[in-house]
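Just so you know, we're using numbering that gives the first Met the number 0 here: the sequence shown kicks off at 0 and counts up by one. Encoded as structure tokens, the structure appears first; notes follow it.
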Amino acid sequence: MDFWIKAAQLLLSLSILIVLHELGHFIPARIFKTRVEKFYLFFDAGFSLLKFKKGETEYGIGWLPLGGYVKIAGMIDESLDEEQLKKAPEPWEFRSKPAWQRLIIMLGGVTVNLILGFFIYMMLLFVWGQDYVKPGDVIHGFAASPIMEELGFQDGDQVLKIDGKVPFNVLDVNKEILFHDVKTIEVMHPDGTVETLKVKEGTDMDLFQAGEMQPFSPRIKRAVFDSVFADSPAMKAGFQNGDKVIAVNNNEVVYWNELTEVVQSSKSKEISITVLRNDSSLTLSVIPDEKGTIGVQNKTKPEEVQIISHKDYGFGESLAKGFSYGIGTLNDYITQFKFVFTKKGSTGVGGFGAIGGLFPSAWDWQVFWERTAFISIILAFMNILPIPALDGGHVLFLIYEMISGKAPSDKFLTRAQIIGMVILFSLLLYANGLDIYRWLTGG
């Protein structure tokens with residue numbers, strides 16, 4: 000059931016974004032009196048699930064949910080319709096229009112996705128407001144990852160300032176460290192002393208390579224196995240739902256991270272865990288898998304480990320804040336490519352399975368629109384990349400034409416389109432292949 004709920008949210012989100020993206024091309028094309036032959040949600044390779052014709056345009060829903068398209072007369076696109084190009088240009092064709100009009104048509108889809116993402120963020124803040132956690136309101140302080148401990152941070156630290164500024168939401172500390180080149184963090188240690196610690200250059204990449212994508216996480220003072228997954232190392236070792244961990248390798252455990260740190264550092268090595276079950280202690284041995292997990296889950300709720308504050312926004316405030324949030328989201332997404340272009344990052348990309356994983360297993364409209372806004376901004380950025388077959392590829396060639404005064408030949412554009420399609424389908428197969436591999440291996 001969880002799968003189908005996530006799949007339904009993904010399908011609805013993509014459908015909204017694809018239709019609006021294609022409208023971004025369709026509307027300026029019609030304004031400039033350019034004929035649009037087809038307008039499709041999803042691809043109709045071979046046949047359509049639904050289609051009808053109104054005026055000069057065929058509207059439809061394809062069966063292959065990998066995107067959508069508008070087929071604009073006289074344009075070299077994924078249809079590779081060379082027969083049309085052999086005829087003399089007609090005044091209603093794309094190729095007959097001035098370069099500036101063609102540029103607006105090609106930028107329309109990206110522009111709509113970008114504006115839509117910002118607009119959704121604005122409305123989210125206006126309708127639901129924003130939850131946040133003030134510095135000092137993480138009840139038991141943060142658990143510091145091993146790399147952060149090497150820099151002098153301690154379990155139980157309260158983050159007070161980041162680069163000399165008090166953060167609005169202290170939980171943003173991880174995003175700041177990974178994406179924004181943080182230099183210093185001021186913390187209050189468990190003994191009450193306040194210290195400003197330096198974050199050395201390259202810490203972001205060190206954290207990524209070590210798999211420590213949560214440098215700081217709120218400490219959970221409840222080391223209980225709420226769920227023990229079927230066929231996991233923990234279940235095979237004899238652990239049960241409700242077991243309370245009191246020691247690992249004969250060392251007392253009070254906080255959940257005191258267990259997880261040992262598990263994660265003991266990949267394929269046997270460890271002993273002592274639990275309290277029915278008022279009796281029981282020590283069992285277990286070997287974490289190669290990912291450093293044993294297949295258990297702690298379901299402590301966020302409000303049990305942090306004091307959550309809330310801020311409502313007026314309409315004007317929500318517009319400004321939503322725009323700022325959208326810019327920040329776009330900047331963070333672009334910045335994260337520094338991780339993608341590494342040996343480890345190249346195996347961390349994902350396709351539709353990874354995108355579907357962004358959605359929760361229970362339908363929540365607030366989360367749905369948050370994820371939709373995020374995906375819309377991602378689509379805007381990805382589509383404007385200067386790769387032939389993407390909007391950005393067409394834009395690149397149009398800018399070249401406007402600067403040089405000479406349009407690339409139809410033969411060149413056709414070859415570029417084919418190369419771009421090969422690149423895109425290869426990336427699509429690679430990303431979705433990784434999704435399938437991770438699903439098969441439980442990754």
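Glycine residues also receive a C-beta, built at the ideal position from the N, C-alpha and C atoms.
How would you call asparagine 240, buried or exposed, if buried means at least 16 neighbouring beta carbons within 10 angstroms?
-> exposed
Determine, using beta-carbon pairs with one atom in the stretch 126–146 and one in the stretch 252–269, whether at least three such pairs fall under 8 Å.
-> yes
Is the beta carbon of asparagine 297 less than 8 Å from the beta carbon of isoleucine 245?
-> Remark: C-beta atoms of asparagine 297 and isoleucine 245 do not approach each other more closely than 8 Å.
Is the Cβ-Cβ distance between valine 400 and alanine 98 less than 8 Å?
-> The amino acid occupying residue 400 in the given sequence is glutamate; valine does not appear at that position. Yes, these two residues count as a Cβ contact at 8 Å.
Verify whether the separation of the beta carbon atoms of aspartate 156 and phenylalanine 167 is less than 8 Å.
-> no
With distances taken from CA atoms, which of Ile386, Val304, Phe46 and Ala361 is nearest glycine 135?
-> Of the listed residues, the one whose Cα sits closest to glycine 135 is Val304.
Hey, leucine 206 and proline 217 are a contact pair by Cβ (cut 8 Å); roughly how many whole angstroms apart?
-> Rounded, the Cβ-Cβ distance is 17 Å, inconsistent with contact.
Straight-line CA distance for isoleucine 286 to threonine 273?
-> 14 Å
Contacts around alanine 430, its chain only, beta-carbon distance under 7 Å, and the 5 residues preceding and following it disregarded = Val348, Gly349 and Gly350
According to DSSP, is leucine 65 helix, strand or coil?
-> strand
Note the first and the last residue of the continuous alpha helix (DSSP H) segment covering tyrosine 324.
-> 314–334
First and last residue of the alpha helix (DSSP H) that includes histidine 309?
-> Looking at the DSSP string, histidine 309 is not in any alpha helix (DSSP H); the run it does join, the beta strand (DSSP E), is 308–310.
Going along the chain, which residues of its own chain have a beta-carbon closer than 6 Å to the beta-carbon of alanine 236, five neighbours each way excluded?
-> Leu283 and Val285
Could you tell me which of Thr33, Gly45 and Leu16 sits nearest to glycine 108, measuring between CA atoms?
-> Leu16
Residues near phenylalanine 46 in its chain [Cβ-Cβ closer than 8 Å; skip 5 each side] | Trp62
Which residue's Cα is closest to the Cα of arginine 414: Met381, Glu302 and Glu77?
-> Nearest of Met381, Glu302 and Glu77 to arginine 414, Cα basis: Glu77.
Reduced DSSP category for tyrosine 524 - H, G, I as helix; E, B as strand; rest coil | Residue 524 lies beyond the residue range present for the chain, which begins at 0 and ends at 442; the question has no answer from this structure.
Under a three-way DSSP split, which group does proline 217 fall into?
-> strand
Looking at serine 231 and aspartate 1, is the spacing between their C-beta atoms short of 8 Å?
-> no
Three-state secondary structure (DSSP) of serine 47 | strand
Closer than 6 Å by C-beta to leucine 318: which residues in its own chain qualify, once you throw out the five before and the five after it? Chain order, please.
-> Met121
Which of helix, strand or coil does DSSP assign to isoleucine 435?
-> Three-state DSSP puts isoleucine 435 in a helix.
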